Amino acid sequence: MEDIFKSWLVETPIAHRGLHDKNIPENSLSAFSKAVEKGYAIELDVQLIADGTVVVFHDKSLSRMTGNDGYLKFLNKDDLKILKLKNSKEHIPTLQEVLDLVNGKTPILIEIKNEAKVGKLEQSLIDILKNYNGEYAVESFNPFSLQYVKNHAPSILRGQLSGSFKGEKLAWIKKFLLKRMTFNKSVSEPNFIAYEKECLPNRFVKKYKHIPLLAWTVRSKEDYMKVVKHCDNIIFENFIPEI
């Protein structure tokens with residue numbers, strides 16, 4: 003494996019959910035096209051819907067991004083183009099649509115959104131990525147999702163996401179363990195860490211100096227200047243970092 007400290011994960015700023023703005027919705031094909039055009043790597047979220055299709059969408063609920071009631075997990079593929087993202091003409095894309103669009107022109111960082119049983123989403127993702135020739139890595143807050151990838155596709159770079167978990171509906175013991183990345187050595191064995199910027203620096207990441215640290219989500223140049231000395235790269239939105 004290449005020296006990860008010399009890879010795109012360190013050298014190329016990563017656009018959070020694509021390069022979106024008030025006119026271009028997050029996690030849309032237009033947001034990803036703009037990131038490709040500007041030369042940024044792309045961060046995106048994947049989930050499974052009812053028929054097993056892997057789609058690119060962040061929330062469980064449809065309301066914030068589509069204005070519709072209901073939940074993503076109950077959709078089928080035929081429903082995706084009916085729902086429009088934030089009053090735009092953009093639809094909820096499948097992961098395959100995004101890969102076909104990007105086509106290796108910029109790296110992709112894929113967040114696995116899975117709080118349920120591990121296996122189906124992770125294997126579907128692995129199967130899709132087998133046929134993709136571009137650069138990519140996966141990340142997740144769930145160390146057991148990363149463990150599945152480690153066991154079934156060890157060549158895929160894995161990143162452990164973490165942070166304060168403030169406001170998350172999790173038992174205190176889960177927050178305690180996940181914030182400290184307790185499962186890094188025994189379960190996920192990540193190749194890099196992506197940690198909430200407000201929590202940097204901290205003693206939990208300092209013991210992992212041998213692997214890259216990404217800061218999420220950096221939303222201004224002021225935030226960037228505060229965090230840049232503590233991390234190797236940023237996941238950003240709402241401003242344009244220098245490349």
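Under my numbering, the residues of the sequence shown are numbered 3 to 245, in order.
Where is the CB? At the ideal position from N, CA and C, for every residue including glycine.
These figures come from a predicted structure and were not determined experimentally.
Under the assumption that residue i contacts residue j (Cβ atoms under 8 Å), give the Cβ distance between them as a whole number of angstroms.
i: Lys79; j: Pro27; result: The Cβ separation is near 19 Å, so there is no contact.
i: Pro203; j: His232; result: 5 Å
i: Phe34; j: Leu103; result: 6 Å
i: Leu111; j: Glu45; result: 4 Å
How would you call residue i, buried or exposed, if buried means at least 16 neighbouring beta carbons within 10 angstroms?
i: Ala118; result: exposed
i: Trp268; result: The structure shown does not extend to residue 268, since the chain is modelled only from 3 to 245, so the question has no answer here.
i: Tyr138; result: buried
i: Ala52; result: exposed
i: Lys187; result: exposed
i: Asp81; result: buried
i: His212; result: exposed
i: Asn116; result: buried
i: Lys24; result: exposed
i: Glu244; result: exposed
Can you look up residue i in the DSSP assignment and give me helix, strand or coil?
i: Leu215; result: strand
i: Ser142; result: strand
i: Glu13; result: helix
i: Ser188; result: helix
i: Ser65; result: helix
i: Thr209; result: The residue asked about is misnamed: residue 209 is Lys in this sequence, not Thr. Coil, per DSSP.
i: His22; result: coil
i: Lys260; result: Nothing can be reported for residue 260: it is not among the residues displayed for the chain, which extend from 3 to 245.
i: Ser166; result: coil
i: Tyr73; result: strand
i: Ala33; result: helix
i: Val120; result: coil
i: Asp47; result: strand
i: Asn240; result: coil
Just to confirm my understanding: we take residue i, look at its own chain, exclude 5 residues before and 5 after, and list those with CB closer than 8 Å. What are they?
i: Lys86; result: Thr68, Glu92 and His93
i: Asp61; result: Met67 and Leu74
i: Leu216; result: Leu11, Ile16, Gly161, Phe194, Ile195, Ala196, Tyr197, Cys233, Asp234, Asn235, Ile236 and Ile237
i: Ile128; result: Val151, His154, Ala155 and Ile158
i: Glu246; result: No statement about residue 246 is possible, as the shown extent of the chain runs from 3 to 245 and does not include it.
Cutting at 6 Å between CB atoms, please list the residues of its own chain near residue i, excluding the five before and the five after it.
i: Phe206; result: Arg182 and Met183
i: Leu159; result: Ala139 and Asn193
i: Asn135; result: Gly106
i: Lys36; result: Leu21
i: Pro145; result: Phe185, Val189 and Ser190
Below 7 Å CB to CB, which residues in the same chain sit around residue i once its five sequence neighbours on both sides are set aside?
i: Glu191; result: Lys152
i: Leu180; result: Phe143, Ser164 and Phe167
i: Ser65; result: Asp71
i: Leu148; result: Ser142, Arg160, Gln162, Ser190 and Pro192
For chain C, find out if any of its Cβ atoms is closer than 9 Å to the Cβ of residue i; answer yes or no.
i: Ala173; result: Checking the listed chains, one finds no chain C in this structure; it contains a single protein chain.
Stretch pair the stretch 154–161 + the stretch 121–129: three plus CB contacts closer than 8 Å: yes
If contact is defined by three or more beta carbon pairs under 8 Å, each pair taking one atom from either stretch, is the stretch 223–231 in contact with the stretch 97–108? no
Do the stretch 24–39 and the stretch 4–15 touch if we need at least three Cβ pairs shorter than 8 Å? no
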